[in-house]
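Asker:
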Amino acid sequence: MTDTGAVVADLPLIDAHCHPIAAGTPDPATFALAATEADVAPPAGHSALDGPAGLAIRRWCPPVLGLPAGAPIGDYLARRAELGAAEAGRRLLRAAGLSQLLVDTGLDGPELASPAELGTAAGAGVHEVVRLERVAERLAERGVSASGFAAAYRDALAAATVDAVAVKSVLAYRSGFSDEVAERPSPTKVRTAVGRWLAETARPDRAGRVRLDDPVLARFVLWCGIDRGLPVQIHTGFGDRDLRLAAADPALLQPFLAAAEPSGVPIVLLHCYPFHRRAGWLAQVFPHVSVDLGLTVGQVGARADAVIGEFAELTPFAKLLFSTDGYALPELFLVGAAQFRHSFGRLLGRWVADGVLPAGDAERVAGLVAADNARRLYGL
Amino acid sequence: MTDTGAVVADLPLIDAHCHPIAAGTPDPATFALAATEADVAPPAGHSALDGPAGLAIRRWCPPVLGLPAGAPIGDYLARRAELGAAEAGRRLLRAAGLSQLLVDTGLDGPELASPAELGTAAGAGVHEVVRLERVAERLAERGVSASGFAAAYRDALAAATVDAVAVKSVLAYRSGFSDEVAERPSPTKVRTAVGRWLAETARPDRAGRVRLDDPVLARFVLWCGIDRGLPVQIHTGFGDRDLRLAAADPALLQPFLAAAEPSGVPIVLLHCYPFHRRAGWLAQVFPHVSVDLGLTVGQVGARADAVIGEFAELTPFAKLLFSTDGYALPELFLVGAAQFRHSFGRLLGRWVADGVLPAGDAERVAGLVAADNARRLYGL
Amino acid sequence: MTDTGAVVADLPLIDAHCHPIAAGTPDPATFALAATEADVAPPAGHSALDGPAGLAIRRWCPPVLGLPAGAPIGDYLARRAELGAAEAGRRLLRAAGLSQLLVDTGLDGPELASPAELGTAAGAGVHEVVRLERVAERLAERGVSASGFAAAYRDALAAATVDAVAVKSVLAYRSGFSDEVAERPSPTKVRTAVGRWLAETARPDRAGRVRLDDPVLARFVLWCGIDRGLPVQIHTGFGDRDLRLAAADPALLQPFLAAAEPSGVPIVLLHCYPFHRRAGWLAQVFPHVSVDLGLTVGQVGARADAVIGEFAELTPFAKLLFSTDGYALPELFLVGAAQFRHSFGRLLGRWVADGVLPAGDAERVAGLVAADNARRLYGL
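Chains as they are written, first to last, in my numbering: chain A, 1 to 380; chain B, 1 to 380; chain C, 1 to 380.
1) Hey, which unbroken runs of the beta strand (DSSP E) at 3 residues or more fall wholly within the region 110–192 of chain A?
2) In chain B, which residues lie less than 8 angstroms from Arg131(A) when you measure between Cβ atoms?
3) Based on the DSSP secondary-structure assignment, which residues constitute the bridge partners of Gln100(C)?
4) Does Gln299(B) get closer than 8 angstroms to chain C when you measure Cβ to Cβ?
5) What did DSSP end up calling Thr236(C) once you bin it into helix, strand or coil?
6) Quick one: which chain A residues come within Cβ less than 8 angstroms of Phe238(C)?
7) Going along the chain, which residues of the region 343–364 of chain A sit with their C-beta nearer than 7 angstroms to a C-beta in chain B?
8) Can you list, in chain order, the residues of its chain whose CB lies under 6 angstroms from that of Ala374(A), leaving out five sequence neighbours each side?
9) Where does Ala374(B) fall in DSSP's three states?
10) Cβ atoms of Ala22(C) and Ala113(C): under 8 angstroms apart, would you say?
11) Residues in the region 311–341 of chain C with C-beta within 8 angstroms of chain A's C-beta atoms, listed in sequence order?
12) Which residues in chain A sit within 7 angstroms of Ala69(C), going by Cβ to Cβ distance?
13) Give me the chain C residues within the contact set of Thr30(B), using Cβ-Cβ distance strictly less than 8 angstroms, ordered along the chain.
14) Taking all protein chains shown into account, do 16 or more other C-beta atoms lie within 10 angstroms of the C-beta of Glu313(A), making it buried, or fewer, making it exposed?
15) When DSSP labels each residue in this structure, what does His19(B) get in the three-state scheme?
16) Of all the CB atoms in chain B, is at least one closer than 8 angstroms to the CB of His19(C)?
17) Quick one, are the C-beta atoms of Pro43(A) and Arg376(B) less than 8 angstroms apart?
18) I want to know whether the region 93–109 of chain B touches the region 118–132 of chain B - three or more CB-CB distances under 8 angstroms.
19) Which same chain residues, not among the five before or five after Leu11(C), have their C-beta less than 8 angstroms away from its C-beta?
20) According to the Cβ coordinates, are Trp351(B) and Ala56(A) closer than 8 angstroms?
21) Write down the C-beta distance between Leu269(B) and Leu282(B) rounded to the nearest angstrom, noting that I regard them as a contact closer than 8 angstroms.
22) In chain C, which residues lie with their C-beta within 8 angstroms of the C-beta of Arg277(A)?
23) Tell me whether Ala328(B) sits in a helix, a strand or coil according to DSSP, three-state version.
24) Could you check the C-alpha separation between Leu185(C) and Ala259(C) for me, to the nearest Å?
25) So, is the C-beta of Asp50(C) closer than 8 angstroms to a C-beta in chain A?
26) Within the 8 angstroms Cβ cut-off, does Phe286(C) reach chain B?
27) Mind checking who Ile308(B) pairs with in its DSSP beta bridge?
28) Taking the alpha helix (DSSP H) that His276(A) falls in, what are its first and last residues?
29) Consider the Cβ of Arg376(C): report whether some Cβ of chain B lies at a distance smaller than 8 angstroms.
30) From Ala40(B) to Leu217(A), what distance separates their C-alpha atoms?
31) So, are the CB atoms of Leu92(C) and Glu331(C) less than 8 angstroms apart?
32) What residue does the beta strand (DSSP E) around Leu269(B) start on, and which one ends it?
33) If we count Cβ pairs, one from each stretch, closer than 8 angstroms, do we get three or more for the region 251–258 of chain C versus the region 169–181 of chain C?
34) Assuming Leu245(B) and Ile308(B) are in contact, meaning their beta carbons sit under 8 angstroms apart, how far apart are those beta carbons, in whole angstroms?
35) Let me make sure I understand the geometry here. Which of Phe344(C), Tyr327(C), Lys168(C), Gly264(C) has the alpha-carbon closest to that of Phe381(C)?
36) Whose CA, out of Leu329(C), Val335(C), Asp354(C), lies closest to the CA of Ser323(C)?
Printed below as a string of structure tokens:
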């Protein structure tokens with residue numbers, strides 16, 4: 001590892017997008033599924049962990065719990081259980097070296113620890129990112145009229161974001177991206193859509209939750225997010241199978257990005273893979289658009305060397321942000337951070353060695369991606 | 001080459017998707033076109049072989065016929081003719097080290113040797129893969145009524161697949177992929193479509209063959225393939241120019257894959273390039289979906305180092321399958337196998353050296369992709 | 001660097017697609033924006049030059065003006081101003097080692113030097129590439145009737161291209177690509193479209209210019225370009241934000257390419273990124289289609305090592321062309337040329353070292369991409 005790699009290895013990171021961790025100890029099957037985007041077990045006799053993301057867990061996590069790197073996953077889980085979820089989680093999160101966490105609180109429930117508990121375990125400051133759809137769903141869960149919804153939503157969003165540093169859209173999971181996203185739905189359309197939603201699909205599930213799945217309302221809450229004025233994080237690219245991959249291509253958001261530009265609101269395209277080169281172009285040509293490495297780096301594991309390089313083909317250095325997208329498992333925070341330090345450090349180290357990046361710029365560029373861009377963009 | 005590379009170099013491979021070889025000796029122009037996806041000669045004075053696929057042939061094949069690697073293609077073809085097609089073919093196929101072959105018999109005709117002849121030349125066991133569209137075309141060639149087609153097709157498919165290990169769809173070459181593929185066409189729609197097809201386009205060509213080109217029927221036979229219960233191979237991604245590349249993106253099959261999931265039938269996405277990262281995501285999130293490296297590895301030649309890496313970014317190791325997609329030229333079998341051994345061996349070797357893949361796992365992972373996944377999935 | 005790298009380092013290049021340079025000295029803000037595809041300044045305190053394209057400028061240009069490689073951009077611009085735009089431009093352009101330039105004259109105006117001045121500064125021969133849309137716009141600027149437009153356009157195109165070696169389409173910037181491009185618009189449709197265009201949108205801007213933005217007319221002029229018989233360059237892939245990236249995918253041109261094939265007219269897909277693998281497939285399967293590296297190589301900077309490799313996965317060597325797409329800044333010509341020499345030289349050198357490319361073929365392949373393909377295709 002070059003000196004540049006060493007620089008990245010020691011940088012405190014701002015995790016610009018993550019989720020709460022689980023409150024208890026997952027059983028092995030739950031652990032395996034939580035580690036990837038799969039929600040169903042793979043063929044009998046095979047584990048979802050037997051792939052790049054699982055190798056990355058085995059590479060980066062066992063040493064933190066006192067086992068050799070590459071330890072079999074069974075040994076690792078046994079050691080994890082022996083230490084207890086709290087102690088193992090604390091060690092893993094501390095080893096990630098995260099100074100601040102931006103926590104999307106849209107995934108909530110009794111099985112998850114609070115953001116404050118996550119922050120304490122990680123030894124990091126915590127900031128909230130409010131999921132736009134969840135605010136609407138909570139309104140429906142508590143009861144709201146179709147005619148009062150739009151105003152109630154704006155009030156609820158204002159109240160929910162008093163201390164937030166950003167809002168987040170999961171439009172990719174609801175209607176996908178299309179030209180229509182560029183159009184702010186009219187009050188009449190919103191009222192009709194709310195009426196339909198409340199009457200037809202906004203039924204509570206067993207946990208008492210409803211799901212905002214109406215395309216008009218999904219666009220409405222995104223535009224309310226723009227109006228709120230905080231940076232808007234948008235899930236793009238891969239994720240779990242609830243999304244339609246072909247409709248999660250950030251290039252399909254181009255008309256929306258152009259329409260939102262006059263607002264001056266910063267927009268961060270999360271994940272992006274496998275459309276990350278298109279996202280890089282959007283970040284180059286739109287002054288308000290940035291891209292976030294979260295999820296991708298941890299999921300592709302060792303291939304992050306190449307994939308981060310692809311993210312960096314067009315994206316200005318001031319527009320590229322580190323995050324882990326960690327969720328449920330503390331391992332995902334450590335893997336996201338360690339793989340980023342390793343792969344981005346290698347990329348910069350190679351660039352310095354090859355005369356691509358002047359040595360005097362390396363630390364500055366590393367610092368931008370690791371933390372400084374997030375600090376500026378989210379006003380931390 | 002590392003020890004890991006050596007492991008892959010010696011593995012017996014199961015060629016999970018290939019075609020018959022030509023019965024005779026191709027002339028140089030035919031050889032050049034058969035080696036790539038082009039079907040028309042390139043600019044005067046230039047050969048279709050002057051590119052990555054041609055370099056791969058010159059790299060891997062001449063040594064097997066007693067010439068130095070990199071021999072000019074003219075020298076190579078002269079040597080090939082000197083040995084005779086049978087002896088050259090035997091040497092090339094044996095050098096590929098294939099233990100079993102899954103042969104798509106949908107491309108048939110007097111110019112091709114039988115699958116059994118291929119197996120004998122290769123010293124490998126042979127299993128049949130039945131092309132769904134061809135079964136329908138044979139019905140039309142022999143005469144079938146519109147009203148009797150659906151039942152006759154199911155009967156013919158059952159008869160044709162008594163000894164088959166899989167069926168194959170070339171929907172990409174007929175209507176391309178769209179949301180509609182997820183819908184099983186109704187009996188009425190099928191009857192209307194058959195009537196139209198038989199009346200209008202199911203005319204025999206000079207060789208007495210008809211072509212199934214109706215989109216409804218193309219979907220119908222795919223769903224009959226699902227009903228048959230054998231693994232379904234689907235051509236996705238690039239191929240020859242008869243397909244529309246933009247409509248061969250496997251991500252466009254997502255609704256179909258979700259609709260077919262309850263059947264429990266394994267689905268293998270063939271080729272995938274340049275959409276292979278999207279295919280990897282489908283293989284991660286759908287328990288019944290796998291991806292196959294055939295065609296791609298041989299066509300991109302030396303670039304397979306990077307391309308196989310991209311395939312392996314999200315795909316679980318139990319879902320990635322080797323094949324050559326060899327067709328007509330024995331060279332394509334050797335190139336597919338040799339380039340795979342070389343490039344996948346390098347990838348695993350680098351991963352072991354870098355601490356990504358524990359050395360104790362390397363042989364197992366290599367074996368999964370080389371043969372074990374195919375053995376399990378196709379029940380060999 | 002290997003001997004192969006040295007071969008590429010010394011090759012005279014034909015710049016198969018570029019634009020005029022600016023007549024004067026740009027101020028720092030203008031310089032920064034001209035160096036990338038952005039047209040708006042990035043976040044306060046950050047420069048569009050702080051990214052891959054800016055690093056490439058700092059790597060390749062300062063040594064030519066007597067500063068060390070990697071010099072800060074401020075130092076570089078001060079030195080540039082000290083030398084004067086003319087002297088700095090001459091040095092930069094000479095250092096690019098371009099023997100001939102194909103200049104798209106569609107971007108014109110008093111702020112730009114003439115193609116002849118560019119040629120003199122570069123010490124290179126100059127050939128004209130006529131932009132199809134600009135010929136129509138000039139007709140509208142001078143006054144043309146709707147009924148006389150089609151004939152007048154053909155006459156004007158013939159006159160404008162008497163000495164041209166190619167025509168160019170910027171359809172990607174007007175209507176984007178779709179199936180409809182394959183259909184030659186009927187005379188009636190053209191007449192209607194001209195009437196609408198002249199009446200509604202063909203209003204001169206402050207500089208007295210009009211913009212051809214009607215989709216029917218954009219297709220009409222493309223087909224007139226095919227009829228003209230000269231090679232047709234088509235902008236595909238990324239560019240500035242006036243284009244819709246999702247509609248600039250060259251794979252969407254497949255029906256057009258098939259429809260234009262009988263004409264025998266060579267078609268060159270420019271830029272292509274991030275759809276360059278799709279473009280490579282089009283170049284493999286269509287005998288009349290080639291791909292051009294311009295813009296991409298300079299913009300992705302050091303990542304060109306990987307990106308050129310991706311271009312070369314399917315593209316036959318006789319179908320891959322070097323260009324810079326240089327525009328306004330002489331730096332873009334040097335960066336395009338130097339990065340190409342460096343990255344393509346590395347690729348070929350690695351291929352020779354690995355036994356992929358026989359050493360005896362390396363110089364020939366390098367020469368094809370650097371100049372010989374352009375010489376043959378454009379009849380230079």
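Glycine is no exception: its CB is placed at the ideal position from the N, C-alpha and C atoms.
Answerer: The relevant details are as follows:
1) Counting only runs of 3 or more, we get 125–131, 164–169.
2) Translated into the one-based positions of the first sequence, residue 131(A) becomes position 131. Within chain B, no residue comes near Arg131(A); the closest Cβ sits about 21 angstroms away, beyond 8 angstroms.
3) Taking the first residue of the third sequence as 1, we reach residue 100(C) at position 100. Beta bridge pairing from DSSP links Gln100(C) with Ile14(C), Gly125(C).
4) Taking the second sequence and counting its residues from 1, the one referred to as residue 299(B) is at position 299. Yes, Gln299(B) counts as interfacial toward chain C.
5) Sequence index remark: in the third sequence, residue 236(C) carries index 236 (1-based). In this structure, Thr236(C) counts as strand in the three-state DSSP scheme.
6) Stepping through the third sequence from its first residue, residue 238(C) is reached at position 238. Residues of chain A passing the Cβ test: Trp281, Leu314.
7) Hits within the stretch: zero.
8) For the purposes of this step, residue 374(A) is taken as residue 374 along the first sequence, with counting starting at 1. Within the same chain, Cβ atoms closer than 6 angstroms to the Cβ of Ala374(A) are found at Ile14, Ala16, Leu321, the five residues on either side in sequence being excluded.
9) Residue numbering aside, residue 374(B) sits at position 374 when the second sequence is read from its first letter. Note: Ala374(B) maps to helix in three-state DSSP.
10) If you number the third sequence from 1, residue 113(C) lands on position 113. If you number the third sequence from 1, residue 22(C) lands on position 22. Ala113(C) is a Cβ neighbour of Ala22(C), given a cutoff of 8 angstroms.
11) For the region 311–341 of chain C, which is checked against every Cβ of chain A, not one residue is closer than 8 angstroms.
12) To locate residue 69(C), count along the third sequence from 1; it is residue 69. Correct list: Gly355.
13) Indexing the second sequence from 1 puts residue 30(B) at position 30. Here the premise fails: no neighbours, minimum Cβ distance about 16 angstroms.
14) Translated into positions along the first sequence, residue 313(A) becomes position 313. The residue is buried, with at least 16 neighbouring Cβ atoms inside 10 Å.
15) On the second sequence, position 19 is the one that residue 19(B) refers to. Coil at His19(B), not helix or strand.
16) Looking up residue 19(C) in the third sequence gives position 19. At a cut-off of 8 angstroms between beta-carbon atoms, His19(C) makes no contact with chain B.
17) Translated into the one-based positions of the first sequence, residue 43(A) becomes position 43. Translated into the one-based positions of the second sequence, residue 376(B) becomes position 376. Taking C-beta atoms as the reference points, Pro43(A) and Arg376(B) count as a pair closer than 8 angstroms.
18) Cβ pair count under 8 angstroms is three or more, so yes.
19) Start at 1 with the first residue of the third sequence, and residue 11(C) comes out as number 11. Closer than 8 angstroms at Cβ, skipping near neighbours: Gly97, Arg341, Ala366, Gly367, Ala370, Ala371.
20) Here residue 351(B) is taken as the residue at index 351 of the second sequence, counted from 1. Here residue 56(A) is taken as the residue at index 56 of the first sequence, counted from 1. For the pair Trp351(B) and Ala56(A), the CB atoms are not nearer than the 8 angstroms cut-off.
21) Along the second sequence, one-based indexing puts residue 269(B) at 269. Along the second sequence, one-based indexing puts residue 282(B) at 282. Cβ atoms of Leu269(B) and Leu282(B) come within 8 angstroms of each other, at about 7 angstroms.
22) If you number the first sequence from 1, residue 277(A) lands on position 277. The contacting residues are Tyr273, Pro274.
23) Taking the second sequence and counting its residues from 1, one reaches residue 328(B) at position 328. Here Ala328(B) carries a strand assignment [DSSP, helix/strand/coil].
24) The sequence position of residue 185(C) within the third sequence is 185, counting from 1. The sequence position of residue 259(C) within the third sequence is 259, counting from 1. Correcting the residue type first, residue 185(C) is Pro in the shown sequence and not Leu. Each residue's CA atom was taken as its position, placing Pro185(C) and Ala259(C) some 13 angstroms apart.
25) As a first step, residue 50(C) must be located in the third sequence, where it is residue number 50. Chain A, which has a Cβ nearer than 8 angstroms to the Cβ of Asp50(C), makes this yes.
26) The residue labelled residue 286(C) in the question sits at position 286 within the third sequence. Chain B, which has a Cβ nearer than 8 angstroms to the Cβ of Phe286(C), makes this yes.
27) Within the second sequence, numbered from 1, the residue matching residue 308(B) stands at position 308. Looking at the DSSP output, Ile308(B) sits in no beta bridge, so it has no partner there.
28) As a position in the first sequence, residue 276(A) is number 276, starting the count at 1. From DSSP, the alpha helix (DSSP H) with His276(A) extends over 276–285.
29) Along the third sequence, one-based indexing puts residue 376(C) at 376. Using beta-carbon distances, Arg376(C) counts as an interface residue toward chain B, with a partner under 8 angstroms.
30) For the purposes of this step, residue 40(B) is identified with residue 40 of the second sequence, where counting begins at 1. For the purposes of this step, residue 217(A) is identified with residue 217 of the first sequence, where counting begins at 1. It is worth fixing the name first, because residue 40(B) is Val in this sequence and not Ala. As the crow flies, the alpha-carbon of Val40(B) is around 52 angstroms from that of Leu217(A).
31) Within the third sequence, the letter at position 92 stands for residue 92(C). Within the third sequence, the letter at position 331 stands for residue 331(C). Contact: yes.
32) Taking the second sequence and counting its residues from 1, the one referred to as residue 269(B) is at position 269. In the DSSP assignment, Leu269(B) falls within the unbroken beta strand (DSSP E) covering 267–271.
33) The region 251–258 of chain C vs the region 169–181 of chain C: in contact.
34) Stepping through the second sequence from its first residue, residue 245(B) is reached at position 245. Stepping through the second sequence from its first residue, residue 308(B) is reached at position 308. With 8 angstroms as the limit, Leu245(B) and Ile308(B) do not qualify as a contact, their Cβ atoms being about 21 angstroms apart.
35) This structure cannot settle anything about residue 381(C), because the visible part of chain C is limited to 1 through 380.
36) Residue 323(C) sits at position 323 when you count from the first residue of the third sequence. Ranking Leu329(C), Val335(C), Asp354(C) by Cα distance to Ser323(C) puts Val335(C) first.
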